[in-house]
Each structure stands twice: as structure tokens, then as C-alpha cells.
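S.K.:
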Amino acid sequence: MKPIPPPGAETQTVRRYWRSLDQLADSPDFRRWMEREFPAHASEMTDTITRRHFVKIMSASFLLAGVGLTGCRRPVTNIFPFANAPEDYTHGVPRFYATSMPIRNRAVPLLVKTTDGRPIKIEGNPLHPQSRGATDHFAQASVLDLYDPDRAQRFTRSGNDAAPAEVYDFLRQLSDRLSTTGGKGFCVLMGQSSSPSRLRLQQLISRKFPRARWFVYEPVDFGVHWRAATLTHPRVGSVGSERPETGLSPSYSIDKARVIVSLDHDFLGLEEDSYLHIRGFAQGRRLAGPSDPMNRLYAVESLLTLTGANADHRLRVPSSCIQLIAAHLAEEVMRQSGIPDSAGFRAGLEPLLSDQSLRVLSERTKPGEPAWTSRWITECALDLLSHRGESLVLAGHRQPLAVHVMAQCGSGKRWQNGSMA
Amino acid sequence: MSDFFPKWANRLPRQIAVGGILAASLVTAGIWYYFTPKYTRVGYQPIQPVPYSHAVHVGQLGLDCRYCHTGVERSWYANVPSSSVCMNCHKQVLPNDPRLELVRNSAKSGEPIGWVQIHLTPDFVYFNHAVHVNRGVSCVSCHGQINELTEVREEKSLAMFFCLECHRNPAPNLRPLNQVYNLAWSIDPQMQQDMGTRFVHDWKINSPQYCSTCHR
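Line order of the protein sequences matches chains P and Y.
Heads up: take any position in the first sequence, counting from 1, add 63, and you land on this note's numbering.
Quick note on numbering: this note's numbering labels position 27 of the second sequence as 16, and the sequence is numbered without any gaps.
1. Take the Cβ of T533/P as the centre, count every other Cβ of all protein chains shown within 10 Å, and call the residue buried at 16 or more, exposed below.
2. Out of curiosity, what's the CA-to-CA distance linking S64/Y and N117/Y?
3. Report the rounded CA-to-CA distance for C54/Y versus A67/Y, giving the unit in angstroms.
4. Using the rule of at least 16 other Cβ atoms within 10 Å of the residue's Cβ for burial, across every protein chain shown, is F344/P buried or exposed?
5. Nearest CA to the CA of E335/P: which residue from T198/P, Y160/P and D446/P?
6. Applying the criterion that 16 or more other CB atoms from any shown protein chain within 10 Å of the CB defines a buried residue, is R164/Y buried or exposed?
7. So V156/P contacts chain Y; which residues on that side make the cut at Cβ distance below 8 Å?
8. Would you say F145/P faces chain Y, with C-beta separation under 8 Å as the test?
9. By the 10 Å Cβ neighbour count, where 16 or more other Cβ atoms means buried, how is M397/P classified, buried or exposed?
10. May I ask which residues mark the beginning and end of the alpha helix (DSSP H) holding F188/Y?
11. When the Cα of D211/P is compared with those of P182/P, R235/P, S242/P and N141/P, which residue comes out closest?
12. Please say whether A444/P and L369/P have beta carbons closer to each other than 8 Å?
13. What is the residue span of the beta strand (DSSP E) that P172/P lies within?
14. In chain order, what residues of the same chain lie with their CB nearer than 6 Å to the CB of K176/P, ignoring the 5 residues before and after it?
15. Would you check if there are 3 or more beta carbon pairs closer than 8 Å linking the region 156 to 175 of chain Y to the region 120 to 130 of chain Y?
16. Can you list, in chain order, the residues of its chain with a C-beta nearer than 7 Å to that of H394/P? Leave out the 5 residues immediately preceding and following it.
17. My output table needs one value for E413/P: the three-state DSSP class, helix, strand or coil.
18. For a cutoff of 8 Å on Cβ pairs, would you count P35/Y as touching chain P?
19. So, with DSSP's three-state summary, where would you put S454/P?
20. Judging by CA-CA distance, which residue of R79/P, V279/P, V77/P and H467/P is the nearest neighbour of V287/P?
21. Check the C-beta distance from R321/P over to P356/P and give it rounded, since I have them as a contact under 8 Å.
22. Do the CB positions of V141/Y and H204/Y come within less than 8 Å of each other?
23. With a cut-off of 8 Å, does the C-beta of W192/Y fall near any C-beta of chain P?
24. With three or more beta-carbon pairs closer than 8 Å as the criterion, would you say the region 159 to 175 of chain P touches the region 82 to 95 of chain Y?
25. Can you give the beta carbon distance from Y361/P to H340/P, rounded, assuming they're within the 8 Å contact cut?
26. Please return the same chain residues whose Cβ sits closer than 6 Å to the Cβ of W289/P, not counting the five positions on each side in sequence.
27. Helix, strand or coil, according to DSSP, for C250/P in the structure here?
28. When you compare the CB positions of L378/P and W439/P, do they come within less than 8 Å of one another, or not?
29. Excluding the five sequence neighbours on either side, which residues of its own chain have a C-beta within less than 8 Å of the C-beta of V230/P, listed in chain order?
30. Do the CB positions of G185/Y and A160/Y come within less than 8 Å of each other?
31. Does Q106/Y come within less than 8 Å of chain P when only Cβ atoms are used?
32. When burial is assigned at 16 or more other CB atoms within 10 Å of the CB, is N77/Y buried or exposed?
33. Pull up the CB-CB distance for S72/Y and V92/Y, whole angstroms please, since I reckon it's below 8 Å.
34. Given that V69/Y touches chain P, what residues does it touch there, using C-beta distances under 7 Å?
35. Excluding the five sequence neighbours on either side, which residues of its own chain have a C-beta within less than 7 Å of the C-beta of E426/P, listed in chain order?
36. Check this for me: beta carbons of A465/P and V456/P, under 8 Å apart or not?
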């Protein structure tokens, strides 16, 4: 191996290597720099107390300190019991508090474990009749929020801390000003919440300032589930009316479903109510005996989600094509069930049905097998039909209303008996 | 050469060897004795802020340990009573005694009394009172005859060998559950051995010796 030459003067006979542009230019500055052992600003020990001297003194003082064995005394620790003990408190035994975590559309029932007044673990409340102890990852992680230094702990105004007195003063002035106009021009922007306390406060304010306006904003729209349910399950007597509103929101008994088809619906991950769905899905997979049935999950999705990772059959397609798959699936179910399409459902699907696009999809996932996607759909439809009344088709919030409507009709046994309300 | 070293120098190597061995064993013995928990801990008896006496309250009055050490059956921590517990009696008994000044002030002001902790295991040891007391191990086994002490002092070393000695063979220390808090209880050693062996079998006593039992 050739030794690395020193970065100084070199004989010209060997090939010259350089390590910096300065060296290549061989400037006088560089030569001067080379001649010094340390770069100019590296502080040399010019103090009167040198490093060696310091170490010498310190070792002597450590030795002297050791002679007295002052470090070998047992440190005195104290026990400070309560002066007046609270009732029902045993130090060292954790206490549990039942509480709930408000989320957009409802609240997750929780049980919080605390020791010495500090929450340390959050679990679902097993006594709650609906959730029966279920939680999701957000609820589990929320214990960290309680210790988050960024939690709102004080008032801020224009991004700066504000003293409470100042803020109350401001609010009082605001209230005085608004009461002269009944709250005209006063708007509140807020996130969606199911909190009854917030509702009560909102009503209080509205009563005082009737012309105040309230705006709810959410970055992600989960309302599509609700709109689809309202469309597909109109109130009796309201069919054909202008506003077929029922205000329904879908709620799934995933634990009872034997075949589940997810159309981009990440019900084990980021969709709403996933704390219930995770529990239900796991229950459908739990076997007590060898002959117990087990649910089967088909996932059609573009991202890799937890739902896809748990699926028995996963179809990976671009997000834009999920509507296509949904239409083909609906069509296939109707064809296989053999019930006449009296409501003209198929005609509605027509624009989405084309074998060409299915073939393109197959070519992308399984090159050389042009019929792969349509076979997947056929098998899926067969499975759905052989579990009539026990199958569930779900559509995710990223999908347009059309997919949701198809999905909800699918779950509502309507594909299977061929009618579309 | 003989001019340089006197005659007795011939014995010097042997003397040095013997002296060295003696010194080494002395140092070893000294460390063995003085630096182990048996010497450094047993007998530790700090002065408490209030001259509370277990001999008076337990030995003479017959109070149960659990009246004050309330956590002992449920928690790893035995608990030292709050001042309000003392005041249950001392509102009437010795209501103006200067020795109880601190207790009265504490109960009134809410300022806790700083009792000096006597028994203490290092942080890397997990100890649990409930697990022992509920399985027939009496306070006596680890704290000695507290009921006779005017001032509490450390009677047992509570070092690792002490814990393990019993964990290897708990039979001599197991009692009927109704005698756990009766520190004056005693029984013939042979009967104790028989009874202990029976309890180990009947109650399925399992006092583990693997390290993670106590070092979690």
C-alpha cells in the first residue's frame, strides 16, 4: 500500500496529491499555516495554571477528601407521611380513574392508571357496554399528551404569553362591545367535537350574542360516511323529497361480519371509530375451537395501511381506480346472484364498467396475467354472496360519495337481492 | 559481601513473606467484617423527631401494626402513619405533652413530620411487603422485636444474603396468618419446622431465587 504523503512539500517526481484548494495553489499563507503545529486560533495553555498543575492539585484534594471518609456516611433519608391522609389512598398501589377522551364524533371511554397522582397508562374502560375496553393507538399515546410541554398552559395573544388579568380584561371589553350589537360580526372558528360541555357553552354565548356565528372546520372530511348513509337509507316517506335526510351515521358490527371488503377504508388504522373496529375485527378472528368460523378480509387500497397488512387478499390499485373496482364488484355480485335488475342499478354503473381498464390494472400488478384483476373480483363477489347477511363492504373517507353509496348498498344486502332504493 | 548485609538479613525474606500474608488476611478480615451490611447497618438507630415508642404503643397498649402501617397488606410500601392518626388518641391522651408538640402542629398546619427512614433497600432492589405479610411471613423475621423497642433500630441487615437465606428455605419463618402481626408469638422450633413445611406445601409457597425476582 502506498503511504499517504504528508501535506507539505513533495518531490515532483511522484504524482502530486492535494487535500485542499489552498494546498493545490501552494499559497504562502498555506505554507505558513503548515509550519505551525496548531492552527492559529487553537488556544494553547498560556494560563499560569496549566492543565498538569490543575490535575495535580485536584488529585491531592480528592485524596485528602478520602482520608476523612466523608463520603462514607450513610445519607439520611426521610419519610414524609401525609399530615392528614386522604381517604382510600394507599401509597404504592395505583389508582384507576374512569374518563373519556373526546374525539371528533364521539368520546372514547378510558380507564387511566395513576400512581402518586401521575397518569402512567391509558387503557379502554372494560365496563363500557359498547367499547368493552377497546382503545386505538391515539388513545394509547394520549398519555404522552398529558406531559407535553407544548400543551396550552397559559393564555397567548398574537403568539406571545399574556397575563391572565390582561386576558380577562380583554374579554370583558369584548363582551361589552359585542352586547351593544348582539354579537354582529363575531365569529368563532372551531374544530369538530362531541363535547357536551362545549355545546352548553356555545348555547350560553349564543343566547347572549344571538348574531354570533359559529364555524366548524376539519382538515379531513369524514362526513362522507354520514352523507352516504343518509342517501342510501332515506327516512320512510321521504323518498323522492327534496331533502331525504335521516342524519344517519353508519356503525358497523365488524365482529359479526364473516367477509369484509375494504375499499380504501383503513378501519384498523386512521378511520373514525377504529378503536371499536380493531376490537371487532380481532374478535372475528379469535377461534375457541377448530371448527369456529373466521372472518376474511379483502382490501383494495393504494397506500399500505394496517388494514391492508391484515388483509387475506389485498389488491393494490391507484386511488383513482378504486371506484372502478367497486363498480365491477357490484356488477359481478348482481350477475352472480342472478336476480333481475329491476331498479336499473346496472345502468347507473355502466360508465365505470370497462374490461379494458381492468386489463391495464392487471398488467401493472401481475404482468402477463391480463385476467388477474377480474378473477380477483369474481372470487371476491362469490365469497360475498356465499355469506349473505354476514358480509360487509366499507368505503374509506378518501373515496368519493359514489363509492360510498355502492359500498353501503353492498352491505345492506341490496346488491345481493338486486334492488337499489 | 558480608560487610554489606548483617547476619539477620538472611531471615528477612521469610519475615517479609509471613508479615505480608498476615497483613493481607487482616485487611481481608477487616473488610469482611466492617464493610458488610451486617456491620454497617445493623444497629442503625437515628434520633427521630418525635420520641415515639413502639414498646408503649404496641407492647403495652397492644395496637395492631396495621392501625398505623396501613399499606402493609396491600402495597409494597408499609406506610408510616399520618399525624392525624396519632391525634385520634392524643387529642385526649397527653394533650399538652411537649414531646407531642410537633405532631399537634403538623396535624393542624398540614406540614408533614420528617421521620428518619431506617430500613432502606437500594433503588435497584424490588421489595414488596404485601407479598410477604399475606403469606405468613411476620414482621419479626425482617424487623426484629419492634414491639419491645422504645426507639426503632435496624435489627437485620436486609442485605441480599439475608433475603436469599429465607427464600431458599422459608419454612422456619412461616406462621399462621392470624399470628403475623403478633410479634410476641413463639413456638417450639421443631413444631415450627413441621408447620412451616406443611404451609409451604399447602399454600404452594414459591419464594423465587432467580435474580429478576428482586432486581427487575
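Even glycine gets a Cβ: it sits at the ideal position worked out from N, Cα and C.
From a predicted model like this one, the values you see are computed outputs, not experimental measurements.
M.R.: Reading it off the structure:
1. Outside the shown range of chain P, which is 64 to 484, sits residue 533/P, and nothing can be said about it.
2. 7 Å
3. 10 Å
4. buried
5. T198/P
6. buried
7. For V156/P, the neighbours in chain Y by C-beta distance under 8 Å run, in chain order, G60, R63 and S64.
8. yes
9. Under this definition M397/P is a buried residue.
10. Per DSSP, F188/Y belongs to the alpha helix (DSSP H) from P178 to D191.
11. Of the listed residues, the one whose Cα sits closest to D211/P is P182/P.
12. no
13. A170 to T178
14. P157, F159, I183 and K184
15. yes
16. In the sequence as displayed, the identity of residue 394/P is Glu instead of His. Excluding residues within five positions, the ones whose Cβ falls inside 7 Å are R409, L412 and L416.
17. DSSP places E413/P in helix when its eight states are reduced to three.
18. yes
19. strand
20. H467/P
21. 6 Å
22. no
23. no
24. Touching, no.
25. For Y361/P against H340/P, the beta-carbon gap comes to about 15 Å, at or over 8 Å, which does not count as contact.
26. S312
27. strand
28. yes
29. Around V230/P: F218 and R220.
30. yes
31. yes
32. exposed
33. 5 Å
34. I142 and P144
35. P433
36. no
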